[in-house]
Every structure is written in structure tokens, then in C-alpha cells.
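Protein chains in written order, with the numbering used here: chain S, 60 to 393; chain R, 649 to 924; chain A, 1455 to 1746.
What follows is the structure in C-alpha cells.
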């Protein structure tokens, strides 16, 4: 079981309030991702749940029980740190067994659980090595192993992939998702990378300056961002935000069109512009198009092998159905 | 610098460095050498570097005259005891300062160091008075406490610097893994800080071993360590160079040997943990 | 990373060290302060039981008015300052030398740090008899070898001799700290400066020396702490005569030799004040440097 409820939780460091009153419920078995730019309070929020920081006000409940004043060791949660935080003086086996040793389990049970975890995480051959002798990906797996043997109520991940190189990151992303499928345990995952958020989450919590901007499934956030901030943050490449005449024509202060919802054409369309930088990725091509009278270029996704180059004239047609409209306060107009 | 050094330059620097090293080491070398000479050869003119009659009789005489082993044993107990006691008190304090820093942490640390600046002589009489009062004069226990107190700031400071190199996330991980404070310090922090703790212990054994104000002023016979043993040789009586050398060698040998065997930790310790 | 829980644990765990040091500082300090306002000459029959006579600031006036006071302050400053200058300058040169590629670096390093292991009483005795003795000392042989008249070091150049002995003891420490600091200097910085056409000397003054700033402060701080209270070196060699009576030694003589506790205590208070003035200066510098 791992239902976590935050009730009017606040956090202040001295005079500075980093988390204004915040309510959030994480259901049992959910994979929740906290995402936001650096300094948005997502890590602080995770540490509040872990008990590594005190809340300034409000209540944290785990499975209905008030855990606000419970020390981290007794909350029944497991955490995977950004730096892995493995114990360098212990072998992999001892690292994974440490929480079991602390819980006072007998030796046979410890060995059994360590063996299981090692099997699941492909660590069996490395059990007698020290963390210093492992690669980044292996260390990450040891950290996860240490977390799963406790059979915690929930897993907390604090930007666990940010120290890995790009290729490994994709692999570990899949592994963590698979782990969730298998264990069905609540997972709370903090990242600044919206791709990780979109690919892994059941539910995304977008944070800015300690505020929750929007909570929803990845597709909800993609389809109906509640405000300009979420619109700009979710989706890659980011949504084009256009104000002025074009927005007014559509009764909005700002309109947003995703690059994949614009059709480019060499000879006809709604907007006329010039191709600036063209990024050829093979499967896709992204054009940065300079439209007359606008300083910001518009990003457009085209097919993989479109024969248009720097300086060419281009016509763009947005999909009117999929234009997002925002009012003067940046809120979505339904 | 990743650059080929010319052999000639290396020869020159080697010669200079060895010359300087031997010059600095010379008084110790000369003392050890003289301790194996007869008294007559010890003051021979010109000085004898080799070709003297190798003898151990000076060591025998010194042991017989002043019971070296008793002083040695006192030194071991006092230096070891004060260091262990100091470590036991300093580890929790250094943990607090390194991992739960507050606005006052730095002030407390500097204040601790500043107690080290209190001139010992300024409080000599009160301390002797307290020693008399509590029957501590000329006891090893009393000296252990005093030497622990004068070195405590250094121990705390060194441990603090070493602990600060340990990432806090690892201790937080231990906490998440269900470790209480005791387990956190015992199973995670201490093993990780072993090299630093070893350096701290080594340096403090040396400082306590060589401490020569309180050990001279608060002991007489029973608890007198090697500093007092050697001070009794300060008034010359007849031909005594070889015996003085033997006594000196015996006083410094344990520390020299210990230093050679633990050079790496010691070098780290000698920098008081202040420079990496 | 602090919760209320860990903060209170921290306070609890710091308590023994803080309380012990506070007691170690305050109790004797208050007693010294108390005695300094009393006439207390145990040899003449003064004792606690009969009550001590309150003499106000008389001891203070007498201590500072004595003809030995100012010379002792001067001797203290001279010795501490002299040792600091010598160890820092030679320490930098030695550190640079040991940083060069040489054969047998490990052994040379042991040779250089060896004096630090030698207890002060031994090093004082060894220097006094084996090295500086005007008849049988090694230095006198060297002087005679070159046809010069041997010097009676400890009486004719007493302060210099003490400085030499103490510098010999502390040079290893300065060298090691500075060597460690030099080794941490990013060699790319020096290479960049070399590319910019800076000659050796300006590379030293503009890059190496500023980099050593923190290490030099630490050398000065730690050595000053220990040097202000050097005792055995003087006790064993000159016994405070020939201008080597430091403030520490003067007070020692008042308390132990002439058994004038009141006067000695007043001297102790002066020494504490002097140490604190030095401490405040040093702590300012170190406090800044501790932050990095």
C-alpha cells in the first residue's frame, strides 16, 4: 500500500517560502512524476515526503496515517538519489542488504532477498564488487536494488538519470518503467526533463516556484495545457506561442501551435516566411521559420526528407482545430 | 606538468633536494650515530662519522639509571588514552558540525580553536591547585584528561574537515534505509572516514607524545612520561654526550618508527586536514 | 538537510565537547582572575584558609612595571615573528623544490618531516649540546674548520638560536602544507600563463603565490597557536636568560620559581589578553578563508 496525501503542506527556509500551501494526493500504485525547471521546489517536495526535511506547516499522510513527524527511517519509503549515494566501503551485496540489516532481518532472509533483487537487476555477477568498480548504469541499478529489497510503500526517485549519458538514460528509463509494471508500487519521480516525464508517468505534476501548475496524465497535459507555462514546458520541440494580430483574430491574447500541427508548403498557406536554421534528424526535419514582422522564429516539424533549405520561401498552415488559445492572464480559453 | 624533464635538470634538483633533506635531518642522524659511540669518541675532534667502536653500553646505562621502560609506558598510556578519549568526544561533535550546520557552527568551531590559544602558563597555578584538590597530581588519569582537553579543538577541527568531504546524500540514504543515528555514525560515517580518522589519531598521538608543558609541570615520578625522562638529562655531568644521545634516541624512536610506517596517513594528518 | 529531529540530536552530540571546553576555559580563567587581585605568596605563609588579602590592581601594576615585562613581550614577538618568517619563506622554497621530479622523493620527504616527530625537550637538548655547544658542538667544528672562532650560540646569539631551533621543528609542517597546496595547483593555469609569455618569476608571483594564500594563512594560524606557548625549548636551553625570557617564561618564573601566585596570575591575564588580540586577528582571516 502506498497512498500519499499532502494536505496544505508548506515549506519555508527562514523567511523564504519555497512551497506555498500545497495539496496533492498520490494514489496507491501510481507512477507520479514531479517536473519543472530547476529551483521549482520539486526536489524539496520529494524530501518533505521522504522526511529528510521538516514541513513548515500542513500534514503528510501515508496510507491515511499522519507521518508528518515520523523520522525518515520509519516512513517505510525508499529513495534513489541523484548521486546514487552508495556506501563506498561496502560490497554491492552489503549495499543492497543494508536496509535489511537495519530492519533486523535474519541472515538467510537477507540473502534470499538480495539474490532476488540481483536477479531482477542483472547484478548477480557483481555482488562482491565495490561501487567504485562499477559503471554508472550498474551503480544506478545497485541503488534501485537497495530500494526494492525493503519492499517499501513507495519509491522516491530524485533525478536518478541525470548523471548518466544519453544512451544509458533511455535504457534505464525503460527499466524503471518495467519495474513499475512488475511491482505495481507507488513511485514518485522527480526530473527536470519533460521527455522522462511524458514517457514514464501515469500522472505528471508540473511545478513552478512551489506551485502546482497542473496535474494530469501526459496526454491531458499535451492536449489541454491549463496555462502558458505548461504549454511551453510540455512537448518537444516546444510549442510556438504567438501573440499580436494572429492571436486577436482568434479572440485570444496568445495562441499556441505545436510544431507538429503546422503543415509547411513551398507555394501556398496561411503564413509566409523564410527558412532559417533547418535541423535534419533523418526521421524528422525541424525548420525555424522567420515570419515577416515577427522576431521569434516559428518551429515547424516536417517529414524526414523535405527539400527546403536556408533562405527558401515557405508557407505555413496551422491546424486550426489544434490551436491552443490563452487569455491575457495566460490561462487556457476553453 | 605533462612534459619531458631533461635528465640534467632532474639530476640537479635531485642533488639539491637530497642535500637539503640531509641537512635538515642531520641533527637527528648525528644524535643516533653518537649514541653508539663511547663518550670519548663522542666528543672527538674532528668528529667521527665512521670508524668508531660500535657500542650499546650507553643504552644499557640509560635504562639502568633512569628506568626508561616506565617513562615509555607512561608516554604510551597518556598519548594513547588522551587521543582515544578525544576521538570519542569529537566524533559526535564533528558529525553535528559537518552535517547539521547552523549559523553558529563556524563560530563554535573558531571559538574551540581559540581556546587553544589560551596560554597554558596563564592557568598553570589554578590547574595545579585543582589537581591537588582532586588528587590528580602525578597521575596518568589527570594528564590524559588535560592533554585530551588541549588537543580536543584540533581533533574536532580535523574530523570536521574530513567529514565535510563525505557527501551528505550518503548519510541521507542510510536514514532512508532505516538506520538510526547510532547506526548511521557507526556503520556508514565512521568506515567512510577511516583514513581521516587515522590521520587525526596519528597527529594527536604525536602532539600528546611531544607535549612538554603540562607533562613537565604536573608530574613528578609516577606518571612522568618521556618528556620528563629527557628533561632530567638537561644538566650536564661529566662526559655525557653519548648517553644523552642514547636517551634522546630512545625518546623519539617510537614516534619516528610509527611515522615511517604510516607515512601516508601522517602526511595527510600533518596538514591538520586543512589543505587537500 | 536538517530536520528538527537531527538538529536536536546535533545539539546533544555537540554538548560534551562544548561543555568540556567551556569548563576548561572558564574555571581556570576565573581562578586566575581571582588570584590576580590577591596577594598570595605561599612561601610567606599566605593560604586560602587564612584568607587572602585583596590588593586591587597592585599585581597588574607591578607586573607591567617590572623591568622584565617589556623585554619579555619583545622577546615573545621576536621569536614568534622570526619563526613565522623563516618557516614560511623556507617552506615555500622547499615545497617548490620537493614538487620537482627527483629521484627518491619519498625518502627526501621523510628526511624533511622528521624534525616534527622530535619532542621539544629532545630537540632543545640535541641542539644545545650536539650542535651549538661552543666546544664540542657540530657547529663549532664547522666554524673551526673554516678558521673562524666558534660562537657561544646560546649566550651570544641566544634569541637567534632559539628561533633556529624552533624553526627547525616547525619547518616540516609549513613545508608539507605548502607542498600539498602547490600540488593542487592546476597546471593548466601555469601553462596558460606560459603561453601568455609570463616569465618564471612573474608566474611565481602572480599565480603560485596567490594560490598559496590560504595555505599560508593556515600555516601562520596553527604555528602561532603553538609558538605563543613554546616553553620546553627555553626551559632546557637558556632557562630564560640572555634575553630569551618570553612572556610565557616570565610568568612561569613568577609562579613556580618565586612562588608569587598573585603576580604570576596578573601576568597570566596579560598573556591571555595578548593571545586574544592575536587570536582575533587570526580568526578574522581564517574565518574568511574557511568559507572558501
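Virtual Cβ for every residue (Gly too), placed ideally from N, Cα, C.
Supposed contact pair residue j and residue i - C-beta distance, whole angstroms, cut 8 Å
i: residue 1494 of chain A; j: residue 1483 of chain A; result: Rounded, the Cβ-Cβ distance is 17 Å, inconsistent with contact.
i: residue 1685 of chain A; j: residue 1703 of chain A; result: 7 Å
i: residue 105 of chain S; j: residue 217 of chain S; result: 6 Å
i: residue 69 of chain S; j: residue 80 of chain S; result: 5 Å
i: residue 755 of chain R; j: residue 869 of chain R; result: Not a contact, Cβ separation roughly 43 Å.
i: residue 661 of chain R; j: residue 1551 of chain A; result: 7 Å
i: residue 362 of chain S; j: residue 344 of chain S; result: 7 Å
i: residue 875 of chain R; j: residue 895 of chain R; result: Between residue 895 of chain R and residue 875 of chain R the Cβ distance is about 12 Å, and since that is not below 8 Å, they are no contact.
i: residue 161 of chain S; j: residue 826 of chain R; result: 4 Å
i: residue 395 of chain S; j: residue 315 of chain S; result: The requested residue 395 of chain S does not occur in the structure, where chain S is confined to residues 60 to 393.
i: residue 1464 of chain A; j: residue 744 of chain R; result: 4 Å
i: residue 1471 of chain A; j: residue 904 of chain R; result: That belief does not hold up - the Cβ atoms of residue 1471 of chain A and residue 904 of chain R are roughly 31 Å apart, past 8 Å.
i: residue 147 of chain S; j: residue 110 of chain S; result: Incorrect: roughly 24 Å between the Cβ atoms, too far for contact.
i: residue 1716 of chain A; j: residue 1522 of chain A; result: So it is not a contact: roughly 16 Å between Cβ atoms.
Opposing strand residues paired with residue i [DSSP bridges]
i: residue 391 of chain S; result: S/385
i: residue 908 of chain R; result: For residue 908 of chain R, which the question treats as bridged, DSSP gives no partner whatsoever.
i: residue 816 of chain R; result: Partner(s): none; residue 816 of chain R has no beta bridge.
i: residue 1512 of chain A; result: Per DSSP, none; premise fails for residue 1512 of chain A.
i: residue 302 of chain S; result: S/313
i: residue 116 of chain S; result: S/69
i: residue 329 of chain S; result: DSSP lists no partner for residue 329 of chain S.
i: residue 764 of chain R; result: According to DSSP, residue 764 of chain R bridges with nothing at all.
i: residue 136 of chain S; result: S/213
i: residue 324 of chain S; result: S/374
i: residue 90 of chain S; result: S/246
i: residue 85 of chain S; result: S/63
i: residue 350 of chain S; result: S/332
i: residue 858 of chain R; result: According to DSSP, which records beta bridges pairwise, residue 858 of chain R is partnered with nothing at all.
i: residue 344 of chain S; result: S/339 and S/361
i: residue 1507 of chain A; result: A/1493
Neighbour list for residue i in chain R, Cβ cutoff strictly below 7 Å
i: residue 146 of chain S; result: 818 and 836
i: residue 131 of chain S; result: 823 and 824
i: residue 1482 of chain A; result: 771, 774 and 775
Contact set between residue i and chain R, taken where Cβ atoms lie within less than 8 Å
i: residue 1612 of chain A; result: Simply none; closest approach about 16 Å.
i: residue 140 of chain S; result: 817, 820 and 821
i: residue 1557 of chain A; result: 658 and 662
Closer than 7 Å at the beta carbon, the chain S residues around residue i
i: residue 1458 of chain A; result: 113
Where residue i meets chain R, residues with beta-carbon distance less than 9 Å
i: residue 1699 of chain A; result: By Cβ distance, chain R contributes nothing, its closest Cβ being about 12 Å from residue 1699 of chain A, past 9 Å.
i: residue 1729 of chain A; result: 762, 765, 766, 767 and 770
Neighbouring residues, chain A, relative to residue i (Cβ below 9 Å)
i: residue 751 of chain R; result: Those do not exist, as residue 751 of chain R stays about 12 Å from chain A at its closest Cβ, beyond 9 Å.
Contact list for residue i against chain A, beta-carbon separation under 8 Å
i: residue 806 of chain R; result: Per Cβ cutoff of 8 Å: no residues; residue 806 of chain R is ~11 Å from chain A at best.
i: residue 764 of chain R; result: 1679
i: residue 797 of chain R; result: 1474, 1475 and 1478
Within chain A, the residues that residue i reaches when beta carbons sit closer than 7 Å
i: residue 691 of chain R; result: 1590
i: residue 669 of chain R; result: 1562, 1565 and 1566
Neighbour list for residue i in chain D, Cβ cutoff strictly below 7 Å
i: residue 882 of chain R; result: Reference to chain D is not applicable here, since the protein chains of this structure are S, R and A.
Near-chain S residues of the stretch 808-840 of chain R - C-beta to any C-beta below 8 Å
Listed by position, the residues of the stretch 808-840 of chain R near chain S (Cβ gap below 8 Å) are 815, 817, 818, 820, 821, 822, 823, 824, 825, 826, 827, 828, 831, 835, 836, 839 and 840.
Selection of the stretch 108-129 of chain S by Cβ proximity to chain A, strictly under 9 Å
Contact annotation: in the stretch 108-129 of chain S, residues whose CB is within less than 9 Å of a CB in chain A are 110, 111, 112, 113 and 128.
Whole beta strand (DSSP E) runs in the stretch 1622-1670 of chain A with 3 or more residues, listed along the chain?
Fully enclosed beta strand (DSSP E) runs of 3 or longer: not present.
The stretch 711-728 of chain R: which residues have C-beta closer than 8 Å to a C-beta of chain A, in chain order?
Closer than 8 Å at the C-beta level to chain A, one finds no residue of the stretch 711-728 of chain R.
Listed in chain order, which residues of the stretch 150-161 of chain S have Cβ atoms closer than 7 Å to some Cβ of chain R?
Answer set for the stretch 150-161 of chain S: 157, 158 and 161.
Of the residues that make up the stretch 1650-1672 of chain A, which ones have a beta carbon closer than 8 Å to any beta carbon in chain S?
Interface annotation for the stretch 1650-1672 of chain A against chain S: empty, criterion Cβ-Cβ distance under 8 Å.
Tell me which residues of the stretch 1713-1727 of chain A have at least one Cβ-Cβ distance to chain R shorter than 8 Å, keeping chain order.
Within the stretch 1713-1727 of chain A, 1715, 1718, 1719, 1721, 1722, 1723, 1725 and 1726 place their CB atoms closer than 8 Å to a CB of chain R, listed in sequence order.
What residues in the stretch 1569-1585 of chain A bring their beta carbon closer than 9 Å to a beta carbon of chain R?
So the list reads 1569, 1570, 1571, 1572, 1573, 1574, 1575, 1576, 1577, 1578, 1579, 1580, 1581, 1582, 1583, 1584 and 1585, given in the order they occur along the chain.
What residues from the stretch 1614-1635 of chain A come within 8 Å of chain R, judged by C-beta to C-beta, listed N to C?
For the stretch 1614-1635 of chain A, which is checked against every Cβ of chain R, the residues closer than 8 Å are 1622, 1625, 1626, 1627, 1630, 1631, 1634 and 1635.
Just by C-beta distance, which residues in the stretch 766-778 of chain R are closer than 8 Å to chain A?
Taking 8 Å as the Cβ-Cβ cut-off against chain A, the residues of the stretch 766-778 of chain R that qualify are 766, 767, 768, 769, 770, 771, 772, 773, 774, 775, 777 and 778.
Entirely enclosed beta strand (DSSP E) segments - the stretch 191-271 of chain S, minimum 3 residues:
Complete beta strand (DSSP E) runs here, min 3: 213-217, 245-250 and 262-267.
Which parts of the stretch 1533-1590 of chain A are runs of the alpha helix (DSSP H), unbroken and 4 residues or longer, counting only runs that do not cross its ends?
You should have 1559-1567 and 1574-1579.
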